[in-house]
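Taking it in order: structure first as structure tokens, then the write-up.
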Amino acid sequence: MDVILNSGGLDSAVVLSLVTSMQPHKQNILAVNFIYSQQNSRGVASAKKIADYYKVEYVSQELDLSWPQMQTLDTFGKPRKLLKLRNLVFVANLIPIIAEFDSVRIWGGWNADDFNYPDAQVGFLNALQKTFQAGEPSWDVQIMAPWLYLTKNEIVGIGLKLQTPFQLTWSCHNKIDKPCGTCDSCIQRNKAFASYNLVDPLIKEDN
Ligand SMILES: [Zn+2]
Numbered sequence: 437m438d439v440i441l442n443s444g445g446l447d448s449a450v451v452l453s454l455v456t457s458m459q460p461h462k463q464n465i466l467a468v469n470f471i472y473s474q475q476n477s478r479g480v481a482s483a484k485k486i487a488d489y490y491k492v493e494y495v496s497q498e499l500d501l502s503w504p505q506m507q508t509l510d511t512f513g514k515p516r517k518l519l520k521l522r523n524l525v526f527v528a529n530l531i532p533i534i535a536e537f538d539s540v541r542i543w544g545g546w547n548a549d550d551f552n553y554p555d556a557q558v559g560f561l562n563a564l565q566k567t568f569q570a571g572e573p574s575w576d577v578q579i580m581a582p583w584l585y586l587t588k589n590e591i592v593g594i595g596l597k598l599q600t601p602f603q604l605t606w607s608c609h610n611k612i613d614k615p616c617g618t619c620d621s622c623i624q625r626n627k628a629f630a631s632y633n634l635v636d637p638l639i640k641e642d643n
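Take a look at the structure:
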């Protein structure tokens with residue numbers, strides 16, 4: 437079973453493009469979207485649209501992540517609130533969903549532009565892998581992070597090759613009608629498309 441942590445954003449959409457390209461029959465692929473306080477409604481809708489586009493199984497689950505957030509700086513040095521160990525919580529909440537499968541690959545869109553997030557780094561992801569091995573040695577669970585050393589620009593490049601439906605994705609933290617263009621995610625995303633002399637389809641199509 438291939439399970440994709442599908443946020444509705446660009447990175448996880450390209451992961452879904454990769455996984456479905458490796459499995460033409462698209463069987464045993466599950467896209468999971470966790471709904472929590474930091475995700476806006478457009479992102480949730482996008483996660484479903486992307487899963488529907490690829491005709492893969494989709495699960496959406498609400499999480500209570502209302503505990504105190506820590507302050508961090510985003511890629512551009514702006515303060516941003518961060519939920520502690522968000523990825524640990526996501527993967528832990530996957531366990532009831534994946535428990536029935538003997539062999540599971542958990543895919544995430546963690547990447548080089550996530551350098552401010554300790555729980556999106558190789559040390560944490562390796563530790564998570566070891567946790568599964570130590571806690572349930574007979575269970576074959578692998579953590580897959582294909583973009584770990586790639587930048588957003590490189591991920592967009594792969595998505596262009598794999599024909600990721602970028603128009604269905606959503607990255608903005610602030611708005612749900614149009615990308616705000618000023619948040620960390622919007623700036624990274626716009627730069628990535630611009631590096632291929634492209635405009636984000638969400639802006640171009642004036643969605
Ligand atoms: Zn934005």
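Letter 175 of the sequence shown, counting from 1, is numbered 611 in this note's numbering, and no numbers are missing.
Glycine included, each C-beta is placed from N, C-alpha and C at the ideal position.
How far does the alpha helix (DSSP H) with residue i in it extend, from its first residue to its last?
i: S453; result: 446-458
i: A467; result: Not the alpha helix (DSSP H): A467 falls in the beta strand (DSSP E), residues 465-471.
i: Q569; result: 558-571
i: Q624; result: 620-630
i: S496; result: Counting along the chain, S496 falls outside any alpha helix (DSSP H), though it belongs to the beta strand (DSSP E) covering 493-498.
i: V592; result: 588-598
i: I486; result: 477-489
i: I579; result: No alpha helix (DSSP H) contains I579, which is instead part of the beta strand (DSSP E) from 576-580.
i: K640; result: 637-640
i: F526; result: 522-534
If contacts are defined as beta-carbon pairs under 8 Å, then residue i and residue j qualify, I think. What distance do you get, rounded to the angstrom?
i: S631; j: S621; result: Not really, about 16 Å apart at Cβ, beyond 8 Å.
i: W543; j: V455; result: 6 Å
i: K462; j: K491; result: 6 Å
i: F568; j: V577; result: 4 Å
i: M458; j: F537; result: Incorrect: roughly 17 Å between the Cβ atoms, too far for contact.
i: Q624; j: D550; result: With 8 Å as the limit, Q624 and D550 do not qualify as a contact, their Cβ atoms being about 10 Å apart.
What's the gap between the Cα of residue i and the Cα of residue j?
i: I486; j: K566; result: 31 Å
i: W575; j: V635; result: 44 Å
i: V450; j: V592; result: 8 Å
i: E572; j: I534; result: 13 Å
i: Q507; j: A556; result: 16 Å
i: V540; j: P460; result: 18 Å
i: I465; j: L519; result: 27 Å
i: A428; j: T587; result: Because the chain spans 437 through 643 in this model, residue 428 falls outside it and cannot be assessed.
i: S502; j: V480; result: 18 Å
i: N643; j: S453; result: Model confidence at N643 stands at a pLDDT of 48, short of 50, so the residue's coordinates are unreliable and nothing is read from them.
i: I615; j: A570; result: A quick correction: the sequence has Pro, not Ile, at residue 615. Rounded to the nearest angstrom, the two C-alpha atoms are 43 Å apart.
i: N589; j: D500; result: 32 Å
i: F512; j: Y494; result: 33 Å
i: E498; j: P532; result: 14 Å
i: N610; j: S482; result: 15 Å
i: Y489; j: K514; result: 34 Å
Please indicate yes or no: does the CB of residue i lie closer than 7 Å to some heavy atom of ligand 1?
i: H609; result: yes
i: G593; result: no
i: G617; result: yes
i: S539; result: no
i: S644; result: The requested residue 644 is not part of the displayed model; the chain covers only 437 to 643.
On the DSSP letters alone, give me the boundaries of the beta strand (DSSP E) that residue i sits inside.
i: S699; result: The structure shown has nothing for residue 699, since the chain only spans 437 to 643.
i: D438; result: 438-441
Does any CB atom of chain B fall closer than 8 Å to the CB of residue i?
i: Y585; result: As a matter of chain content, chain B is missing from the structure shown, which is built from one protein chain.
(request) Kindly confirm or deny that the segment 525-541 and the segment 462-473 touch, where touching means at least three C-beta pairs closer than 8 Å. (result) yes
(request) Would you be able to state if there are at least three C-beta pairs under 8 Å between the segment 594-612 and the segment 440-450? (result) yes
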